[in-house]
Amino acid sequence: MAVCARLCGVGQSRRCRRRQRHNQQDQGSDSDMDEEEGERIVGETQSVTGGPENSAAARPSVAHEAAADSASTGPPNPQSLLDLPPELLVEVFSSLPGTELPNLALVCKKFRQILNTETIWRRRCTEEFGMREDLRKMDVVGVSSRELYAKLLHPYRHILGLWQPDIGPYGGLLNVVVDGLYIIGWMYLPPHDPRVEDPMRRRPLFRIHMWESNKVAVECMYGHKGPHKGDIQTGKKDEFSTKCNQTDHHRMPGGRQEEFRTWLEEEWGRTLEDIFHEHMQELILMKFIYTSQYDNCLTYRRIYLPPRMPSDLLQPGLFKGTYGSHGLEIIMLSFHGPCARATKLTGDPNVPAGQLTLDVDLNRPVCLPDLEHQRSMEELSRLVLGVHEEAQREVQNPDVAPQGAASEGAVAGGAGAAVLESAMEAQSESPQPASSSSSSAPSEAQPFVLPLGVMTRNEVYPRTCKICFYGTGLIAGHGFTSPERTPGLFVLFDEDHFGFIWLELKSFSLYSRLTDRLAHAYAPDMERFEAMLRNMQSWTS
1 MAVCARLCGV GQSRRCRRRQ RHNQQDQGSD SDMDEEEGER IVGETQSVTG
51 GPENSAAARP SVAHEAAADS ASTGPPNPQS LLDLPPELLV EVFSSLPGTE
101 LPNLALVCKK FRQILNTETI WRRRCTEEFG MREDLRKMDV VGVSSRELYA
151 KLLHPYRHIL GLWQPDIGPY GGLLNVVVDG LYIIGWMYLP PHDPRVEDPM
201 RRRPLFRIHM WESNKVAVEC MYGHKGPHKG DIQTGKKDEF STKCNQTDHH
251 RMPGGRQEEF RTWLEEEWGR TLEDIFHEHM QELILMKFIY TSQYDNCLTY
301 RRIYLPPRMP SDLLQPGLFK GTYGSHGLEI IMLSFHGPCA RATKLTGDPN
351 VPAGQLTLDV DLNRPVCLPD LEHQRSMEEL SRLVLGVHEE AQREVQNPDV
401 APQGAASEGA VAGGAGAAVL ESAMEAQSES PQPASSSSSS APSEAQPFVL
451 PLGVMTRNEV YPRTCKICFY GTGLIAGHGF TSPERTPGLF VLFDEDHFGF
501 IWLELKSFSL YSRLTDRLAH AYAPDMERFE AMLRNMQSWT S
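The UniProt record's numbering puts the first residue of the sequence shown at 1, with every later residue one more than the last.
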């Protein structure tokens, strides 16, 4: 702004011009000599042209020609932004962030007038908020691009992105986006259990718009009676709250029973009569009673997606996975040096949202036997528990280095992709069991099958995997009582799928990547993301 002020002739540049005039006055005799020389030249010109009358008649034509030359060529070397043509200033101002334009309007009257140009604000709406075709609809509602930016997009820009609602142990995932001429808060819901491959479901919770009288309106979208009055409060950083001002719109004519049946069909895709497991019925009824009491009056805290590092084993991000009677839940996979961690974004009464559900040691790959031995739960337990005991010994004696060629290669090569390469080399060099039908080195995709007796919600799962690692999973009693980490096997199938075998529970969880495009979601750096994870765990602890 100081640069703009100096170029435009305000602020410090005024003082500079005063100094220039002062210096010209101090020149003294030099200035007088210049004036005398000018008068002498004018006298000679008058004598040649035939007197003062002819001179006076000639001066207007000379001035007109000079003005014409100046208008056609413009300033040869503009000294300020004010010397630039308006269309060039529009192009310059359009490339500036919208948050800087109000300050720019304070520089001078010309800038303030140019900043009323629609082109500038259309470009800011497009580049900062992704609005393109939606801008054409503004003519219908009589809203200018500047009003849209100044009254809607700019004031509510801080709530765009991913958020986790404070709904006790259940948590959730809210994505606030610019959708058409609205800002909409979409609650993301997992697919109906156990269809982990299906896309995520979305439900609008609130919206903000300017459709009426060019004023911003907040509307609650909860319930089945259409939009109604709501409110949003954004007091604290990285936190905001929603409030419904007409909760009677959430009620149904049939009372709580009809509300429960409707909720059950939307949440689980079935009726209560279709659920034969008594414990599962209790869990479903408990969740309905707990979540419906909020009436969409919720507090949300910002969450970030982890940035990808070159050493990551695969692209970190959001996955949906199976959790037995609790149905499908949303987790966030991230990498921290030699560890991969899965944090719950949605939870249950046993292990609530925000807790670390999986902790995988990328320095401890597990070499799978042939298919015949993979079907044996005893063989799998022997392999995983052997690594688990080794890990426990290292915790008690940190100076003891990991044993085995695969572990040594992993430590030397780092985590992530280097671990995968070193583990595959170790796997190809390790001897196969005697019953193996092939002695050749395994390919990158090796056969995989679940052991007999392991429960799974998905009978259809990948039958080849890239690599397996030792890890631990978090289990607890109802109300998050007696939590403990138990050993298990992390199985990487491909870039978008992985699984975890819980040894103690004798169950298998399959995880599939959430493929929705999420704007304003990634953490600016790894330090900010790790601080967010620590805060998330404290919210539900």
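The C-beta atom is built at its ideal place from N, Cα and C for all residues, glycine as well.
Here the structure is a predicted model, which means the values were calculated and not measured.
query: CB contact flag (F529, S334, <9 Å); result: yes
query: For V387 and E128, the rounded distance between their alpha carbons; result: 50 Å
query: Pairwise C-alpha distance: L474 and S94; result: 52 Å
query: V460, buried or exposed, once every other Cβ within 10 Å from all chains shown has been counted against 16; result: exposed
query: Cα-Cα separation, H373 to S507; result: 18 Å
query: Inter-residue Cα distance where the pair is P306 and A340; result: 12 Å
query: Span of the beta strand (DSSP E), counted from its first residue to its last, around E266; result: E266 -> not in any beta strand (DSSP E); alpha helix (DSSP H) instead, spanning 255–268.
query: Environment of T262 [buried if 16+ CB atoms lie within 10 Å]; result: exposed
query: Contact check, E219 vs G235, beta carbons under 9 Å; result: no
query: S311 versus G269, G453, H336, I114, residue with shortest Cα-Cα distance; result: H336
query: Range covered by the alpha helix (DSSP H) that runs through K151; result: Run containing K151: none; DSSP gives neither H nor E here.
query: Counted within 10 angstroms of its Cβ, other Cβ atoms place E267 as buried (16 or more) or exposed; result: buried
query: Cα-Cα separation between Y522 and L505, rounded to whole angstroms; result: 34 Å
query: From I275, P487, T242, residue whose alpha carbon lies closest to that of P165; result: T242
query: Cβ-based burial, N245 [other Cβ within 10 Å; buried from 16]; result: exposed
query: Q113 versus G130 - alpha carbon distance; result: 26 Å
query: 9 Å Cβ cutoff met for L160 and M210; result: no
query: Three-way DSSP call (helix, strand, coil) for F448 in this model; result: coil
query: Range covered by the beta strand (DSSP E) that runs through Q233; result: 228–233
query: First and last residue of the uninterrupted alpha helix (DSSP H) at I275; result: Neither: I275 is in no alpha helix (DSSP H) and is coded neither H nor E.
query: Where I301 sits in the DSSP three-state scheme; result: For the sequence presented, residue 301 should be read as Arg rather than Ile. The answer is strand: DSSP assigns R301 an E or B state.
query: Same chain, Cβ closer than 8 Å to D198, five either side skipped, listed in chain order; result: P191, H192
query: Residue environment, H145, which counts as buried when at least 16 other CB atoms sit within 10 Å; result: The sequence given here places Ser at residue 145; His does not occur at that position. With 16 or more Cβ atoms within 10 Å of its Cβ, S145 is classed as buried.
query: Contact check, V177 vs W186, beta carbons under 9 Å; result: yes
query: For R364 and A415, the rounded distance between their alpha carbons; result: Any reading at A415 is ruled out, since the residue's pLDDT is 47, under 50, leaving its predicted position unreliable.
query: Between the CA atoms of I330 and S292 - distance to the nearest angstrom; result: 20 Å
query: For H279, the three-state DSSP class (helix, strand or coil); result: helix
query: Nonlocal neighbours in the same chain, by C-beta distance under 6 Å from G354, ignoring five residues either side; result: M536, Q537, W539, T540
query: Three-way DSSP call (helix, strand, coil) for C125 in this model; result: helix
query: Any beta strand (DSSP E) of 3 or more consecutive residues that is wholly inside the region 483–519; result: 497–502, 507–513
query: Cα-Cα separation between E389 and P227, rounded to whole angstroms; result: 57 Å
query: Same chain, Cβ closer than 7 Å to residue 548, five either side skipped, listed in chain order; result: With the chain covering 1 to 541 only, the question about residue 548 has no answer from this structure.
query: For A342, the three-state DSSP class (helix, strand or coil); result: strand
query: Per-residue DSSP class, three states only, for Y522; result: strand
query: H279 versus P451 - alpha carbon distance; result: 26 Å
query: Exposed unless 16 or more other CB atoms sit within 10 angstroms - verdict on I501; result: buried
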